[in-house]
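Chains F and S are the protein sequences, given in the same order. Following the working numbering, the numbering of the first sequence begins with 1 at its first residue and continues without gaps. Following the working numbering, the numbering of the second sequence begins with 1001 at its first residue and continues without gaps. Yeah, the Cβ is synthetic: ideal placement off N, Cα and C, and Gly gets one too.
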Amino acid sequence: NAGVTQTPKFQVLKTGQSMTLQCAQDMNHNSMYWYRQDPGMGLRLIYYSASEGTTDKGEVPNGYNVSRLNKREFSLRLESAAPSQTSVYFCASSAMRGTEAFFGQGTRLTVV
Amino acid sequence: KNEVEQSPQNLTAQEGEFITINCSYSVGISALHWLQQHPGGGIVSLFMLSSGKKKHGRLIATINIQEKHSSLHITASHPRDSAVYICAVRFRGNNFGNEKLTFGTGTRLTIIP
Chain F
1 NAGVTQTPKF QVLKTGQSMT LQCAQDMNHN SMYWYRQDPG MGLRLIYYSA SEGTTDKGEV
61 PNGYNVSRLN KREFSLRLES AAPSQTSVYF CASSAMRGTE AFFGQGTRLT VV
Chain S
1001 KNEVEQSPQN LTAQEGEFIT INCSYSVGIS ALHWLQQHPG GGIVSLFMLS SGKKKHGRLI
1061 ATINIQEKHS SLHITASHPR DSAVYICAVR FRGNNFGNEK LTFGTGTRLT IIP
């Protein structure tokens, strides 16, 4: 049972480079989320998608874009990486709003 | 301001001890989640509750809506329970169309053999 799969697990970028974090879920969930986790802080919502074809900004969307490619996949793009985006990124999904969330293994991103 | 506070931040206990981790929140919620984050980094959902009590194996989660407080208990703790335990709440009537979970900063639990 794959659940929520994120790639890559680790990434080092130079300031100004771009990259896309991939996320896929095989549970037929409607809602998908991207969070970032920083030391001493709770996870914070970057973007979410309540259903295929819709995306909305979360708490900390600046510097990021997302694509809900289909029901399974929700990608997060950094167009021009900055050191402030050094963080651990988690993708999550849930069947619908208000239900249990399932998380990926996380992507540890370092921007130098 | 919608806030979630966990206590303690760090907890070290001997194997076999009964563990309690607390979570308090500021205003009314529609649901509260307890999550476990292993040293490898992955996050696993343990419980989602909106009232009363839930039990799964050695784990018990309770919530007191009037007092805006939840506890996670671990009975007969084991070194494999060592992890960060995170409380997250979905506040009623929040922004982002009810999609947003507000997370506590976590409790780091270490169980010594």
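Is there a C-beta anywhere in chain S that falls below 9 Å from the one on residue i?
i, result
"residue 27 of chain F", "no"
"residue 11 of chain F", "no"
"residue 48 of chain F", "yes"
For residue i, which three-state DSSP category applies?
i, result
"residue 85 of chain F", "helix"
"residue 1081 of chain S", "helix"
"residue 101 of chain F", "strand"
"residue 1054 of chain S", "strand"
"residue 1073 of chain S", "strand"
"residue 1064 of chain S", "strand"
"residue 1103 of chain S", "strand"
"residue 1009 of chain S", "coil"
"residue 26 of chain F", "coil"
"residue 1089 of chain S", "strand"
"residue 50 of chain F", "coil"
At 7 Å on the CB atoms, spell out the chain F contacts of residue i, in chain order.
i, result
"residue 1105 of chain S", "40, 41 and 42"
Please check if any C-beta of chain F sits within less than 9 Å of the C-beta of residue i.
i, result
"residue 1086 of chain S", "yes"
Determine the chain F residues that contact residue i at a beta-carbon separation under 8 Å, and present them in chain order.
i, result
"residue 1004 of chain S", "42"
Just to confirm my understanding: we take residue i, look at its own chain, exclude 5 residues before and 5 after, and list those with CB closer than 6 Å. What are they?
i, result
"residue 1073 of chain S", "1020 and 1060"
"residue 1017 of chain S", "1077"
"residue 77 of chain F", "20 and 65"
"residue 1088 of chain S", "1033, 1101 and 1103"
Residues of chain S with CB under 8 Å from residue i, in chain order?
i, result
"residue 106 of chain F", "1041, 1042 and 1043"
Excluding five sequence neighbours on each side, which residues of the same chain lie with their C-beta closer than 7 Å to the C-beta of residue i?
i, result
"residue 11 of chain F", "19, 107 and 109"
Next on the checklist: Which residues of the stretch 1024-1051 of chain S have a Cβ closer than 8 Å to any Cβ of chain F? Give them in chain order.
Outcome noted: Contacts with chain F (Cβ-Cβ distance below 8 Å) from the stretch 1024-1051 of chain S involve 1030, 1031, 1033, 1035, 1040, 1041, 1042, 1043, 1044, 1045 and 1048, listed in chain order.
Next on the checklist: Against chain S, which members of the stretch 13-24 of chain F pass a CB distance test of less than 9 Å?
Outcome noted: Of all residues in the stretch 13-24 of chain F, none has a Cβ within less than 9 Å of some Cβ in chain S.
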